[in-house]
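The next block holds one structure in the form of structure tokens; read it before the comments.
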Amino acid sequence: MKKGVEPQGKSSLVAQLQQKANGFLIVGIGASAGGIQAMQEFFRKVPAGSNMAYVVILHLSPDHDSQLAAVLQQETQIPVSQVTVKTIIKPDHIYVVPPDRHLKIEGESIAVLANIHIEERRAPVDIFFRTLADQHGPRAISVVLSGTGANGSMGLKRIKERGGATYVQSPREAEFNEMPRNAIATDLVDEVLNVGEIPARIIAYRDSMGTIEIIEEPEKRPEPQQQALRDIFTQLRVRTGHDFSNYKRPTLLRRIERRINVHSLPDLPSYTAFLHRNPDETTALLKDLLISVTNFFRDPKAFDCIEQDVIPGIFAGKTSADQVRIWVAGCATGEEAYSLAMLCTEHALRTFDAPKVQIFATDIDESAIGTAREGLYTLNDAADVSQDRLRRFFTRDGDGYRVRREIREMVLFAQHNFLKDPPFSKLDLVACRNVLIYLNGTAQERVTETFHFALRPKGYLFLGTSESVDGASDLYSIYNRDSHIFQAREVTPRSYPIPESVPQFHFLRNDPLQKPDESENRPRRISFGDLHQKMLEQYAPPSVVVNAEYEIVHMSEKAGKYFEFSGGEPTQNLLKLIRRIFNLI
């Protein structure tokens, strides 16, 4: 039996202190073909006293007689056991799952379950990564090693969403590089390393955890930290165009702390210097702050309510002359928008003279929108889709599945920031899930007002499992508490909420420290001119604002040159004024 490398005294002390304060880290390791050799190399480099637990999922045929536990035990002094019954997870132990089972974490225990559902057979690594993330959040670590397919790439997204860390074996080293490459393609991997280097990086990450604390209150923050934060957010604004002033301060600071831990840097100013030296880190930080994560039919019970109650409700009374309008705000890579499109399609097929369906899906993450428009997902991304829906709504495309054209054409994807860009209108349903939890109270209030403005009376608002409309009970009633579905109350007059950029247009007092009158805090209806000015901030070309009858209600300075007035009674109808222009094109 080979011995692992003994830990250094300082490292061991740090690990023991952190274990006492925060609990030990749990490292989930996923692999398939070629993974045994990679795992052997991994555990040769794991210290005998690392104070972490390791759970190994080797995705092989259910008929495979795995001797993995015995094989790994030859490489390490750490006890290795194959899980057959519910077991309490302990540090400095390695747990191996049988090839025909999947693992589920329940608190501090790990249970082995039979593979019954299709996703459990397709994606055991993903299923475990998800349950690990949901139960242990920042204590969760995912490692993806050699293997075929995309196992692990879906689950590691949840690990990152919950504040954990992700490591992947270099595809150049892996015997089979599909699993590493699919993981890397998520843009959420912290480091790509040769397998023998990964244990040391995880230990360095562990030792860094808790050593950096960015003080939340600006007035109590040391000036070097304050200056470093200003520099970081300036870099983000300049290089990516994103402003995070409306996001929850604690969430932002914890995500920045996590980036410092990943790189094992000593303090915040050191990270600022690292950011300047490594432009790619700006993108990595942006990904950490945005975390564009979703999956098909996420939270099945909530989607059952949408399918059985909400969609029949918004179809009721409509005919083919009408339209069902849905907005998925913060759509990430599109799975949720397509899930709603599938449910609408199924209901439309059962409905005589069904209305048309238009789904608007928006996000501020440009790369996520690009993935959504493509509509191409890995086998593991589609693991949450039933076999029947997979056959009906997807076509096989190489090693993945592409959403059929008729479903893709129902969804209009666009880059959009609902904090400052004009909303859609006359909507039957707004789905905005797991986005509000990242926004501060003021932004949440403005967003719920915006969604209420966008919804028809009695339209539905579908939020994430940790989100609600607290503080907006005058605007919404509870439709289904367990599923976090709310219904817009009919309020008159309904006013357009003032967007975040209003100080630039002097709608508020110039002195930001001067407390405005209570009356000034009330939402008010915005004029066409004010709305137009806000649109011009985003769109420079000449433009006009029209009403539902295409009558011009406001125009920019240089728009007049595109119109031609003919003899007779004057008109403000846009279509009549530009008809001759179109004839000349």
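Going by this note's numbering, the sequence shown opens with residue 638, and the numbers climb by one from there. Glycine residues also receive a C-beta, built at the ideal position from the N, C-alpha and C atoms. As the structure is a prediction and not an experimental result, all values here were calculated from the model.
Thinking C-alpha only, which one of the options is nearest residue i?
{"i": "aspartate 1036", "options": "Lys727, Gly786, Arg858, Lys682", "result": "Gly786"}
{"i": "valine 965", "options": "Thr919, Cys942, Asp1065, Glu983", "result": "Asp1065"}
{"i": "proline 903", "options": "Gly967, Tyr842, Pro937", "result": "Tyr842"}
{"i": "phenylalanine 661", "options": "Ser807, Ile928, Met846, Ala748", "result": "Met846"}
{"i": "isoleucine 1006", "options": "Lys741, Arg1045, Pro992", "result": "Arg1045"}
{"i": "phenylalanine 1200", "options": "Lys1213, Thr823, Gln995", "result": "Lys1213"}
{"i": "aspartate 1119", "options": "Asn1210, Gly950, Val692, Ile943", "result": "Ile943"}
{"i": "glycine 971", "options": "Val930, Ala939, Ile951", "result": "Val930"}
{"i": "proline 817", "options": "Ala690, Pro887, Ala668", "result": "Ala668"}
{"i": "phenylalanine 952", "options": "Pro937, Leu980, Arg809", "result": "Leu980"}
{"i": "histidine 773", "options": "Ile742, Lys794, Gly1197, Ala748", "result": "Ile742"}
{"i": "serine 1193", "options": "Tyr1187, Glu1186, Val1182", "result": "Val1182"}
{"i": "glutamate 815", "options": "Gly671, Phe940, Glu850, Phe765", "result": "Gly671"}
{"i": "serine 626", "options": "Tyr732, Ala910, Leu912", "result": "Examination of residue 626 is not possible in this model, given that the chain is present from 638 through 1222 alone."}
{"i": "alanine 985", "options": "Gly954, Gly1012, Leu1013, Glu973", "result": "Gly954"}
{"i": "threonine 724", "options": "Glu745, Gln710, Ala707, Glu1186", "result": "Glu745"}
{"i": "valine 1022", "options": "Val1040, Arg1010, Asp1034", "result": "Val1040"}
I'd like to check one pair, residue j with residue i: are the Cβ atoms closer than 8 Å?
{"i": "glutamine 1049", "j": "phenylalanine 997", "result": "The amino acid at residue 1049 is misidentified as glutamine; the sequence shows leucine. Their beta carbons are under 8 Å apart, which means leucine 1049 touches phenylalanine 997 by this criterion."}
{"i": "alanine 865", "j": "leucine 890", "result": "no"}
{"i": "glutamate 1127", "j": "proline 1094", "result": "yes"}
{"i": "glutamine 862", "j": "isoleucine 869", "result": "no"}
{"i": "asparagine 788", "j": "serine 807", "result": "no"}
{"i": "glutamate 712", "j": "glutamine 674", "result": "no"}
{"i": "alanine 1020", "j": "phenylalanine 1031", "result": "no"}
{"i": "threonine 1087", "j": "proline 1060", "result": "yes"}
{"i": "lysine 993", "j": "glutamine 960", "result": "yes"}
{"i": "isoleucine 694", "j": "leucine 750", "result": "no"}
{"i": "aspartate 824", "j": "glycine 792", "result": "no"}
{"i": "glutamine 1052", "j": "aspartate 990", "result": "no"}
{"i": "valine 947", "j": "tyrosine 1097", "result": "yes"}
{"i": "alanine 969", "j": "valine 899", "result": "no"}
{"i": "serine 779", "j": "aspartate 729", "result": "no"}
{"i": "valine 781", "j": "alanine 822", "result": "no"}
{"i": "aspartate 844", "j": "threonine 1102", "result": "no"}
{"i": "alanine 1091", "j": "serine 1114", "result": "no"}
{"i": "serine 1110", "j": "histidine 1121", "result": "no"}
Would DSSP call residue i helix, strand or coil?
{"i": "glycine 878", "result": "coil"}
{"i": "cysteine 968", "result": "coil"}
{"i": "valine 762", "result": "helix"}
{"i": "arginine 1118", "result": "coil"}
{"i": "lysine 993", "result": "strand"}
{"i": "methionine 775", "result": "Residue identity check: residue 775 is proline in the sequence provided, not methionine. Helix at proline 775."}
{"i": "aspartate 917", "result": "helix"}
{"i": "glutamine 945", "result": "helix"}
{"i": "methionine 1047", "result": "coil"}
{"i": "valine 693", "result": "strand"}
{"i": "isoleucine 726", "result": "coil"}
{"i": "phenylalanine 1031", "result": "strand"}
{"i": "histidine 1191", "result": "strand"}
{"i": "glutamine 1141", "result": "Below a pLDDT of 50, predicted positions are generally treated as unreliable, and glutamine 1141, at 33, falls in that range; the measurement from the model is reported next regardless. In this structure, glutamine 1141 counts as helix in the three-state DSSP scheme."}
{"i": "arginine 935", "result": "coil"}
{"i": "threonine 803", "result": "strand"}
{"i": "isoleucine 1001", "result": "coil"}
{"i": "serine 976", "result": "helix"}
{"i": "leucine 1214", "result": "helix"}
{"i": "leucine 912", "result": "helix"}
{"i": "serine 718", "result": "strand"}
{"i": "glycine 784", "result": "strand"}
{"i": "leucine 1056", "result": "coil"}
{"i": "aspartate 1065", "result": "strand"}
{"i": "valine 708", "result": "helix"}
{"i": "glycine 665", "result": "strand"}
{"i": "isoleucine 928", "result": "coil"}
{"i": "proline 582", "result": "Not covered by the structure: residue 582. The range shown for the chain is 638 to 1222."}
{"i": "glycine 1096", "result": "strand"}
{"i": "leucine 1013", "result": "strand"}
{"i": "valine 1128", "result": "coil"}
{"i": "lysine 741", "result": "strand"}
Could you confirm whether any beta carbon from chain B is found closer than 8 Å to the beta carbon of residue i?
{"i": "glutamine 710", "result": "The structure shown has no chain B; it contains just one protein chain."}
Can you round the beta-carbon distance between residue i and residue j to whole angstroms, since I take them to be within the 8 Å contact cut?
{"i": "leucine 927", "j": "leucine 873", "result": "With a Cβ gap of about 11 Å, leucine 927 and leucine 873 do not count as contacting."}
{"i": "threonine 1008", "j": "serine 790", "result": "Not quite, the Cβ-Cβ distance comes to about 12 Å (not below 8 Å), so this is no contact."}
{"i": "isoleucine 726", "j": "isoleucine 796", "result": "Their Cβ separation, rounded to whole angstroms, is 16 Å, which puts isoleucine 726 and isoleucine 796 out of contact at 8 Å."}
{"i": "arginine 799", "j": "alanine 770", "result": "4 Å"}
{"i": "lysine 682", "j": "proline 836", "result": "4 Å"}
{"i": "alanine 748", "j": "glutamine 714", "result": "Their Cβ separation, rounded to whole angstroms, is 26 Å, which puts alanine 748 and glutamine 714 out of contact at 8 Å."}
Answer yes or no: the CB of residue i versus the heavy atoms of the ligand SAH, is any distance below 7 Å?
{"i": "isoleucine 852", "result": "No copy of the ligand SAH appears in this structure; indeed no ligand is present at all."}
I'd like the ranges of any beta strand (DSSP E) spanning at least 3 consecutive residues and lying wholly in the segment 808 to 889. Correct list: 828 to 830.
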